[in-house]
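Note sheet for the following structure.
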Amino acid sequence: MKYSFIFLTFLLIPVLGHGQSKQTTLDSIEAVFTTTKDDSIRAEAYYQYAKAVQGEDINAAIEYSSKSAELGLEIGASRIAAGAYNFLGIVYFGLGDYEKTLNYFYDVLNIYEQIQDSVQIAKIYNNVGLILIDLGRVEESIEYYEKSLKIKRNRGDKLGVANTLSNLGLVQSDLGNYDIAHDYFMQSLRVDQNLGQTIGTFKDLSNLADNYLNRNMYDSAEYYYSRAMSMMDDIDEQYNKSELVRRIGRLNFLNGEYERALEKYQMALGMAEEINAKTLLGKNYLGLSEVYKQLGDFKMALEYYEKYTAINEQQFSEEQAQKLAQIENNYQIKQRENKIQLLNKESEIKDLKLSNTQMVIYWLAGIVLLISVIIILQIRKNNYKTKANNLLRVQNEEIVEKNRNIMDSILCAKNIQQAILPEDEKLNSVFKEAFVMARARDVVSGDFYWFAEKGDKVLIAAVDCTGHGVPAAFLNVMGNSLLNQIVYEANVLNPGEVLTELNKRVLRSLKSNKLYTQVDDGMDIGICMMDRNTKKLTFAGAKRPMYFFHGSELNVVKGDHYPVGGVLFEAERHYQEHELALQPNDLVYLFTDGLVDQFGGSENKKFMYFRFKKLLKDVCEKPLNEQKRIIESELVKWQGENEQTDDMLLIGVRV
C-alpha cells in the first residue's frame, strides 16, 4: 500500500464563470491583477493564474506563483504566500526535483509556524516526511512523522493520527523493523475502526497482512488478508482492491496452492484491466506466468511472461519520455530564472542613474538613517529571538538524540539476547524433532530458553523473568549466565539441585549489586534433564509445569509453588524432582505463562490452560514444525486486535 500524501488546498476566487472557455478564464483572471488596486486580491489572482496555466505553460505557472508568494509576504498575507509556496512545491515534485520541493515546503512550514496554525503544520510535517523518504533520508522522515503525530494527537485529529501512524508503520516495515511496524498498524487500525473509516480500516488490514507476509508468517498474513477481503464490497478504490487480490494470489502461490493462486491472479487481472493500471497488469502477468509454470502449462506461462515483458517495455518507454519532458521543462525554467535575474540587474542600473540630484541624495540620506535605526532595533530583536530559538532547537535535538540512543541501546540488547540463545540446529541435532516459539511483548524479552549438553546428559529450560521489556531483559541475561556457570563450571546437573543453586546465586547477585529492593525480582522456570543412557527424564519446576505426551495421552507434571529469587524466600530452598521413563516419540513441552494469560476471543478473556491443553491434544500427532505453525496461528487469531499481554515462550521436543 502507498504512503498517504496530504496537500494543502485554498479557495478559488469567485470570478470564474461556469462554462467559460480556458482563454476566457485566463483573460478574466488577468483583468483582475492588472486593474485592481487591492494587493491581496492581486496576490490571489497571480496564484489562480498560475494554477490555470499549469497544464500548458509550466514556466508561466512558476513565474506567477512566485509573484503571488512574494507579494503575499510583502503585504502580510501569510496564507496566500503559503498557498503559492505549496503550489511551487507540488510543481517541482511533478518535475522530479525533490530538493526544491523540500525547500518550498520548508517555506510553507516557516509561515505556518509564525502564525501558529497547528493544523497546517501537522500536514506539512507529513509531506516533508514523504519527500525525505524519496531523498533516502529515512531517519529524518521518521522525526517529521512523529512531530506530525504529536500535533494531531494534541488536537484530537483522530483521522490524521491514523494516517500518520500508517505512514510510520510503512517506513518501519521498509526498514525491516516488522515488530515496530506491527504496533503502528494496529494503532492505526483501532483508530480507523473507532471512527468508522472503511477505506482506512481496509488499508490497515492490508498493511498488517503485508507485514506478516514479509516475515513469511503465511497463516497470520492470510487471516488479515481475509478480513480485508470481506470489506471489498464497501471499497470504491479499484486499484487497492486489485492489488489486495493480487497479493492474496501471491500468498497462495508461496503456500503451494497453485489453483487458488491462479483464480486470484485472474480476478486481480480483470480488475486491473478495468482501470488500465499498467503496473498492476505487469505484476499479474508475471504472477500468472509463475503459476502456469508450476502447473506444467509452459505455453500459458510463456504467453503471460511475454505480456509481462511487453508492458514493462511500454512503461519504460513512457517513463523515459516523461524524464525527457522533465529535463526540457527544468532547462526552460533555468533559462527563465536567469533571464529574470538579468532583467533585475538592468533595472538596478537604471535606478542608480536616476539618483544624481542633490535633493534625491538628501532624501536618501534621511531614509538610510531611518532604516538604519529600524535595522538596528530589528537586529537586536532578531538576535534575542534567534538565541531563544537556538536554545529550543538544541534542547529538542538533545531529546531526539537521547531517544535515538535509548532505542539503539534496546536494539543492541535485543541482538545480544538473540546471540546467547542456543541455535535451532543444535536442538534438532540432539532430539528427533524440536521447535521453539518465542514472541516478545516489547523489543527485548524477559523470557528465554536454555540448553546444555554434558556427556550423556541433556538439559533444557524455559525461563520467565519478572516483568517484561528492559528490566526483565537484564534478569534474562543474568539467568542465562548463571545457568551456564552452575552446569559447566560447578558440574551440577540434577534439575532440582540446579534450581536450588540458581536461587542462591540470584539472591546473592541482586543483593550484592544493590538491585534487590521491595520489587519481586525473580524467575519462574521449568527445567528437565534427559539421560541418553538410562532413557530417563528428570524434571523440576519453579512455578512452571511440564506437559508430557506418551502417545496421545497428556500428563501434567507440576512444579513447586515458589519461584527462583523473589522477595519472600527461605534461607535454603529445595525443589522437588520428578522422574519419568522415556519411550520413543514421547513429547515434552515447556512454556511460560504468557501463552495462557493472553487476552482475546469474542469475550476478551484469557486463553487459559484448558484451551492450551486442548490445542496440544489436537496437534500432538502432527510433525513439530506443523505444530508450531498451527499454535502460532491460533494465538494470533485469539489475540485479534488486543495488545500482547506478556512475553510468550514454548519449547517442544520429540525424543
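Each residue of the sequence shown is one higher than the one before, counting from 1 in the UniProt record's numbering.
Beta carbons: idealized from backbone N, C-alpha and C, even for Gly.
Predicted model only: the values in this text are computed from it and were never measured.
CA nearest to the CA of residue i, picked from the options
i	options	result
residue 272	242, 168, 586	242
residue 209	40, 193, 607, 244	244
residue 510	501, 499, 522	522
residue 455	473, 494, 531	531
residue 552	618, 612, 534, 559	618
residue 583	525, 541, 607, 654	654
residue 450	424, 433, 470	424
residue 541	526, 421, 171, 480	526
residue 266	199, 605, 250, 254	250
residue 259	288, 374, 213, 314	288
residue 240	128, 254, 225	225
residue 475	491, 505, 457	505
residue 604	566, 578, 643	643
residue 447	479, 376, 426, 626	479
Distance, residue j Cα to residue i Cα
i	j	result
residue 489	residue 483	10 Å
residue 246	residue 155	38 Å
residue 204	residue 529	46 Å
residue 231	residue 197	12 Å
residue 102	residue 139	16 Å
residue 42	residue 218	60 Å
residue 211	residue 439	16 Å
residue 649	residue 630	15 Å
residue 79	residue 70	12 Å
residue 472	residue 298	56 Å
residue 83	residue 436	57 Å
residue 503	residue 524	11 Å
residue 248	residue 133	27 Å
residue 173	residue 576	47 Å
residue 639	residue 167	24 Å
residue 481	residue 585	32 Å
residue 127	residue 588	54 Å
residue 422	residue 430	12 Å
residue 457	residue 175	43 Å
residue 307	residue 279	12 Å
residue 237	residue 220	25 Å
residue 652	residue 628	9 Å
residue 286	residue 432	41 Å
residue 581	residue 252	44 Å
Bridge partners - residue i, DSSP secondary structure assignment
i	result
residue 453	458
residue 439	648
residue 550	553
residue 465	523
residue 24	DSSP output for residue 24 lists no bridge partner at all.
residue 231	Residue 231 is not bridged to any residue.
residue 530	458, 537
residue 589	547, 652
residue 626	Looking at the DSSP assignment, residue 626 forms no beta bridge with any residue, so it has no partner.
residue 448	463
residue 606	599
residue 564	523
Contact under 8 Å by Cβ, residue i with residue j
i	j	result
residue 67	residue 92	no
residue 636	residue 223	yes
residue 282	residue 311	yes
residue 613	residue 554	yes
residue 641	residue 190	yes
residue 104	residue 88	yes
residue 178	residue 215	yes
residue 124	residue 151	no
residue 39	residue 75	yes
residue 599	residue 534	no
residue 477	residue 459	no
residue 162	residue 136	no
residue 60	residue 72	no
residue 181	residue 206	no
residue 234	residue 445	no
residue 195	residue 165	no
residue 262	residue 291	yes
Short CB-CB distance (under 8 Å) between residue i and chain D
i	result
residue 58	Looking for chain D here will not work: only one protein chain is present.
Does the stretch 579-599 touch the stretch 456-464, meaning 3 or more C-beta pairs lie closer than 8 Å? Touching, yes, given that three or more Cβ pairs across the two stretches are closer than 8 Å.
Report yes or no: do the stretch 466-481 and the stretch 595-614 share at least 3 C-beta pairs separated by less than 8 Å? Short answer: they don't touch.
Stretch-stretch touch, CB-based, cutoff 8 Å, three pairs: the stretch 554-564 with the stretch 492-507: yes
Inspect the CB distances between the stretch 50-58 and the stretch 21-39 and report whether three or more fall short of 8 Å. yes
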